[in-house]
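For reference, the structure discussed in these notes is given below.
There are 2 protein chains.
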Amino acid sequence: MRLLLPAGTTETALIDGISAAGAAPELMEHTPSADVEILEYGEPVMSPVTPVSPNGCPTPAAVTRAVREVVGFDASVIDAGLTQSTAAPTVDLDAGPGGDIRESVAVPDAKATFDRAYDYGASLPDDRLVIGETVPGGTTTALGVLTALGEPAGVSSSLPENPIERKRRVVDEALAASDLEPGDCENAPLEAIEAVGDPVQPTVTGIAAGALESGTEVTLAGGTQMIAVAALLRHAGIDAPLSIATTSFVADEQGSQLADACERFDCELTVTDPGFDERDHVAMARYCAGEAKEGVAMGGALSLVPEGRMGEVRDRLEAVCARLGIESEDAGEPGAENDETGSEPAEGSRGP
Amino acid sequence: MRLLLPAGTTETALIDGISAAGAAPELMEHTPSADVEILEYGEPVMSPVTPVSPNGCPTPAAVTRAVREVVGFDASVIDAGLTQSTAAPTVDLDAGPGGDIRESVAVPDAKATFDRAYDYGASLPDDRLVIGETVPGGTTTALGVLTALGEPAGVSSSLPENPIERKRRVVDEALAASDLEPGDCENAPLEAIEAVGDPVQPTVTGIAAGALESGTEVTLAGGTQMIAVAALLRHAGIDAPLSIATTSFVADEQGSQLADACERFDCELTVTDPGFDERDHVAMARYCAGEAKEGVAMGGALSLVPEGRMGEVRDRLEAVCARLGIESEDAGEPGAENDETGSEPAEGSRGP
Chain A
1 MRLLLPAGTT
11 ETALIDGISA
21 AGAAPELMEH
31 TPSADVEILE
41 YGEPVMSPVT
51 PVSPNGCPTP
61 AAVTRAVREV
71 VGFDASVIDA
81 GLTQSTAAPT
91 VDLDAGPGGD
101 IRESVAVPDA
111 KATFDRAYDY
121 GASLPDDRLV
131 IGETVPGGTT
141 TALGVLTALG
151 EPAGVSSSLP
161 ENPIERKRRV
171 VDEALAASDL
181 EPGDCENAPL
191 EAIEAVGDPV
201 QPTVTGIAAG
211 ALESGTEVTL
221 AGGTQMIAVA
231 ALLRHAGIDA
241 PLSIATTSFV
251 ADEQGSQLAD
261 ACERFDCELT
271 VTDPGFDERD
281 HVAMARYCAG
291 EAKEGVAMGG
301 ALSLVPEGRM
311 GEVRDRLEAV
321 CARLGIESED
331 AGEPGAENDE
341 TGSEPAEGSR
351 GP
Chain B
1 MRLLLPAGTT
11 ETALIDGISA
21 AGAAPELMEH
31 TPSADVEILE
41 YGEPVMSPVT
51 PVSPNGCPTP
61 AAVTRAVREV
71 VGFDASVIDA
81 GLTQSTAAPT
91 VDLDAGPGGD
101 IRESVAVPDA
111 KATFDRAYDY
121 GASLPDDRLV
131 IGETVPGGTT
141 TALGVLTALG
151 EPAGVSSSLP
161 ENPIERKRRV
171 VDEALAASDL
181 EPGDCENAPL
191 EAIEAVGDPV
201 QPTVTGIAAG
211 ALESGTEVTL
221 AGGTQMIAVA
231 ALLRHAGIDA
241 PLSIATTSFV
251 ADEQGSQLAD
261 ACERFDCELT
271 VTDPGFDERD
281 HVAMARYCAG
291 EAKEGVAMGG
301 ALSLVPEGRM
311 GEVRDRLEAV
321 CARLGIESED
331 AGEPGAENDE
341 TGSEPAEGSR
351 GP
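Same order as they appear, the protein sequences are chains A and B. According to the UniProt record's numbering, the first sequence is numbered sequentially starting from 1. According to the UniProt record's numbering, the second sequence is numbered sequentially starting from 1.
Listed below in structure tokens is the structure:
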């Protein structure tokens, strides 16, 4: 099993009030670069920003890393259009950053990126891939491609109050700028991405398509952005079995829409509740209040936690939060304590 | 603990008869790109070449990967001047490929690369780093910098018969091309690298310097190339404790020279014998015959194997060799058997 994390950017994220991924718009493009450092090293390393909301809600990368430190899994990051350098190792598929979907073309190299991602996905020897994403503004571009494909679409949000109407207005404007009506891109997924998507979409879709067609099991790790990827795969004619693993936070917000979408795109759905309500810790409280919800493969990572070990994940999350400068009044000690193990995964990776 | 693998190239490798890293000169520049794919995925993925000698001797990357599959350790690859793309994730420190040391300047960006590597090494949260290298021609550039620094130098070879005299002639020519006499670069390590080194040297030296000065324990994983790095560090005025971990194959070839060099540069030396003579397998037989000997952090990886588990490493090496297309008459079965586990590390990285 290998977790893959395509990380990229889209200028769509800069549109007022559609994303919470990053405190200020000008810092948001640093978020995916910081997320992948957290996944690789356990904390930001060269990144000038630490993705924690003003309320003390850490990026989902903190949760994915916490799971990695408990169960241990291989992870590889793919540069799917980063604008800011990162100290994390990344696979270079030569994908560029995405433009504002309100321009006529949002992802000019969508087809070339899909092709390179397909070859990469087809070439991996792993028997199973869990594919996530980190791209601020990604739920809006997900709504964009779903609408262009003609799929009934609701999308999630990293904000407690989902600005879905604002996103719909942005998508309407985006489709108009590309001379498209909803449904005009049916069975033309790459055209949908090129017009109103983001560069992480052809990367995830391409890797998944190449992997599925070479017999590799694929789990899409995420919420409504992965519903969009599933739709893109089905509109590309890929009918192999597919599963989606997301968090209870997305499931609670989406209600029956999520299961309906999975049924429509023939995806097996796994929802995992990390039990954050069992802890009195600011970071977990923010997730329970509906902040962040999902991202950076959080739901997929949580689905890898064996029965009975979620408590260890919560312990480790406190340690990761302490590294990110989040100390909960009530939870300082365990955090500090766990932090002694630094950024080492839990499995035998210290050597003698 | 994290294993770091700077991977790069130098045109010096194209000089006739100085390197065995790669069957043909024109394919040699693919070797480091293939090595890092083997470390990350367990076999070459997008690389057009598989680094196995005509005699069936696999790249040391196969051994380092075998150890990783047994004991498990974090590993990050640094692009230290690759010319060929790789499917492995790499940290981008903006280092360019190295030129032929017989030109006046071999590594034009040595200082800038050292500075970026220093910042990277200083920023890592790990308590201990094991730093290796993969750069065809690296023992010749090691002889180059050692000579420029004025250090008595013998270097190892990936060939059973070390073409040391040929290397000395190349280095003499290289120094002359840079208007240097042996010893002219005493206490000026970056000038030595710029004139007669390779881009992996400022990367390894910079990361080690930054890590040591920020209190991180550093083990240099390699043979005479790491002796050269130790010399560069000491000539840079870094006097922190340092250790070198290499293979018994290098130690057997170098005899007392190795211990003498470690004493001169105040390095603790660890030599590990993988017990390849206990197996009747072509790959292990080639190492016992003196091919390859070291590289891709092999000695450092072997030093991480706990007492009594080297047999598992040999079993796993047979599986890795099978993936590289090396089947030993006597060892086909175990290889095939082990291969069922694909490229998964041994520790619990499958998830449920």
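From the three backbone atoms N, C-alpha and C, an ideal C-beta is built for every residue, glycine too.
Closer than 8 Å to chain A by CB, residue i
{"i": "residue 135 of chain B", "result": "no"}
{"i": "residue 124 of chain B", "result": "yes"}
{"i": "residue 312 of chain B", "result": "no"}
{"i": "residue 298 of chain B", "result": "no"}
{"i": "residue 214 of chain B", "result": "no"}
{"i": "residue 77 of chain B", "result": "yes"}
{"i": "residue 90 of chain B", "result": "yes"}
{"i": "residue 12 of chain B", "result": "no"}
Helix, strand or coil at residue i [DSSP, three-state]
{"i": "residue 206 of chain A", "result": "helix"}
{"i": "residue 129 of chain B", "result": "strand"}
{"i": "residue 321 of chain B", "result": "helix"}
{"i": "residue 101 of chain A", "result": "coil"}
{"i": "residue 179 of chain A", "result": "coil"}
{"i": "residue 5 of chain A", "result": "strand"}
{"i": "residue 238 of chain A", "result": "coil"}
{"i": "residue 243 of chain B", "result": "strand"}
{"i": "residue 256 of chain B", "result": "helix"}
{"i": "residue 331 of chain A", "result": "Residue placement at residue 331 of chain A is poorly supported in this model, since its pLDDT is 42, which falls under 50; the coordinates still yield a value, given next. Of the three classes helix, strand and coil, the one that applies to residue 331 of chain A here is helix, per DSSP."}
{"i": "residue 123 of chain A", "result": "helix"}
{"i": "residue 115 of chain B", "result": "helix"}
{"i": "residue 170 of chain A", "result": "helix"}
{"i": "residue 106 of chain B", "result": "coil"}
{"i": "residue 134 of chain A", "result": "strand"}
{"i": "residue 155 of chain A", "result": "coil"}
{"i": "residue 296 of chain A", "result": "coil"}
{"i": "residue 52 of chain B", "result": "strand"}
{"i": "residue 141 of chain A", "result": "helix"}
{"i": "residue 86 of chain A", "result": "coil"}
Enclosing alpha helix (DSSP H) for residue i [first to last residue]
{"i": "residue 227 of chain A", "result": "224-235"}
{"i": "residue 33 of chain B", "result": "31-41"}
{"i": "residue 190 of chain B", "result": "189-196"}
{"i": "residue 69 of chain A", "result": "61-71"}
{"i": "residue 286 of chain A", "result": "282-288"}
Contact with chain B by residue i, beta-carbon distance below 8 Å
{"i": "residue 331 of chain A", "result": "Because the pLDDT at residue 331 of chain A is just 42, under 50, the model does not fix this residue reliably, and the value given afterwards should be weighed accordingly. No, residue 331 of chain A lies away from the interface with chain B (no Cβ there is under 8 Å from its Cβ)."}
{"i": "residue 246 of chain A", "result": "no"}
Interface residues of chain B facing residue i [CB-CB closer than 8 Å]
{"i": "residue 42 of chain A", "result": "125"}
{"i": "residue 272 of chain A", "result": "Within chain B, no residue comes near residue 272 of chain A; the closest Cβ sits about 11 Å away, beyond 8 Å."}
Residue i, enclosing beta strand (DSSP E) - first and last residue
{"i": "residue 25 of chain B", "result": "Per DSSP, residue 25 of chain B belongs to no beta strand (DSSP E); it is in the alpha helix (DSSP H), 25-28."}
{"i": "residue 15 of chain B", "result": "Looking at the DSSP string, residue 15 of chain B is not in any beta strand (DSSP E), and its letter there is neither H nor E."}
{"i": "residue 268 of chain A", "result": "267-272"}
{"i": "residue 90 of chain A", "result": "90-92"}
{"i": "residue 221 of chain B", "result": "217-221"}
{"i": "residue 75 of chain B", "result": "74-79"}
Under 9 Å by beta carbon: chain A residues contacting residue i
{"i": "residue 120 of chain B", "result": "45, 46, 87"}
Checklist line | Three-pair Cβ contact test at 8 Å for the segment 168-181 of chain A versus the segment 36-50 of chain A | finding: These segments do not touch.
Notebook entry, point to check: Would you call the segment 4-14 of chain A and the segment 93-108 of chain A touching, i.e. three or more CB-CB distances under 8 Å?
Noted result: yes
Check: Does the segment 296-312 of chain A touch the segment 63-80 of chain A, meaning 3 or more C-beta pairs lie closer than 8 Å?
Finding: yes
Item checked: Meets three-Cβ-pair contact criterion under 8 Å: the segment 80-89 of chain A and the segment 46-53 of chain A -> yes
Next item on the list: Would you check if there are 3 or more beta carbon pairs closer than 8 Å linking the segment 203-217 of chain A to the segment 121-141 of chain A?
Entry: Segments in contact, yes.
Check: Is there contact between the segment 270-277 of chain B and the segment 240-252 of chain B, where contact requires at least three CB pairs shorter than 8 Å?
Finding: They touch, by the three-pair rule.
Next item on the list: Examine the Cβ distances between the segment 140-156 of chain A and the segment 223-236 of chain A and report whether three or more of them are shorter than 8 Å.
Entry: yes
Note to self: Would the segment 177-190 of chain B count as touching the segment 66-81 of chain B if we require 3 or more Cβ pairs under 8 Å?
What the structure shows: no
Check: Would you call the segment 311-331 of chain B and the segment 275-289 of chain B in contact, with 3 or more CB pairs under 8 Å?
Finding: yes
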